[in-house]
Amino acid sequence: MPPGVVPPLTERVGEAVEATPPLILRLAGGGRFGSVRRPQVLWAGVAGDVAALGALAARLQAAARSLRLPVEDRPFRPHLTLGRWRPGRPADGALADRLAGYAGPTWPVEEVALMRSTLGPAPRHDRLAGWAPGR
Numbered sequence: 404m405p406p407g408v409v410p411p412l413t414e415r416v417g418e419a420v421e422a423t424p425p426l427i428l429r430l431a432g433g434g435r436f437g438s439v440r441r442p443q444v445l446w447a448g449v450a451g452d453v454a455a456l457g458a459l460a461a462r463l464q465a466a467a468r469s470l471r472l473p474v475e476d477r478p479f480r481p482h483l484t485l486g487r488w489r490p491g492r493p494a495d496g497a498l499a500d501r502l503a504g505y506a507g508p509t510w511p512v513e514e515v516a517l518m519r520s521t522l523g524p525a526p527r528h529d530r531l532a533g534w535a536p537g538r
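Residue 404 is where the sequence shown starts when you use our numbering, and the numbers rise one by one after that.
What follows is the structure, encoded as C-alpha cells:
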C-alpha cells in the first residue's frame with residue numbers, strides 16, 4: 404500500500420474500532436478451506452460477540468473502500484488460521500473434523516491492532532497502531 408495512505412487509513416480504522424462495543428470471543432469448532440482431499444487452510448471458528456465483530460469488519464471494509472483500497476468481496480467468516488497445507492504435500496484433510504466439538508475459554512478483546520505485513524523469505528509483521536473496542 405502506498406505510504407501516503409497509511410495515515411488516513413489509521414485514522415479511519417481507529418474510528419471504526421472506537422465505534423465497536425466491548426467484545427467477548429472464544430474459539431469454537433473448526434474447519435478447512437479446500438476439500439478433504441486437497442485441503443489448503445486449517446482454521447478454528449470464532450464464537451461469542453460475532454455480530455458485533457461482523458459489524459466491525461463491515462466498518463473496516465468501508466474505511467478501506469473510502470480510500471479506494473481493494474477489499475475482498477467474500478462474506479466475512481471469523482476464524483483463526485491455524486496452519487496451511489503446502490500444495491502437492493501429504494495432508495490430513497480430516498484434521499479439521501476433529502475440531503468440530505471444540506469450545507475454548509472466552510476472552511475479552513482488549514485491543515485491535517493495525518499491522519503492516521512484509522512478505523518474503525523472512526516475513527515481518529509490524530504493529531502500526533492499536534485501539535481498545537468500546538473506549
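Heads up, the beta-carbon is just placed ideally off N, CA and C, and yes, glycines get one too. Please read these numbers as outputs of a predicted model, since none were measured by experiment.
A Cβ-Cβ distance of about 7 Å is found for the pair R429 and W510, placing them in contact under the 8 Å criterion. DSSP places T413 in no beta strand (DSSP E) but in the uninterrupted alpha helix (DSSP H) bounded by V409 to E421. In the structure shown, the three-state DSSP call for G504 is coil. According to DSSP, residue pairing for G433 in a beta bridge involves A447. Taking a C-beta distance under 9 Å as the contact criterion, A466 and E418 qualify as a contact pair. Spanning the alpha carbons of H482 and G432 requires a straight line of approximately 10 Å.
In the DSSP assignment, R462 falls outside any beta strand (DSSP E) and lies within the alpha helix (DSSP H) extending over V453 to S469.
In the three-state DSSP reduction, L498 falls in the helix class (H, G or I). In the structure shown, P406 adopts helical secondary structure according to DSSP, grouped into three states.
By the neighbour-count criterion, in which 16 or more other beta carbons inside 10 Å mark a residue as buried, P473 falls on the exposed side. Note: D529 is bridge-paired with R519 in the DSSP secondary-structure output. For G486, the uninterrupted beta strand (DSSP E) run begins and ends at H482 to R487, by DSSP.
Each of P442, A535 and V416 was checked against the Cα of A497, and the nearest Cα belongs to P442.
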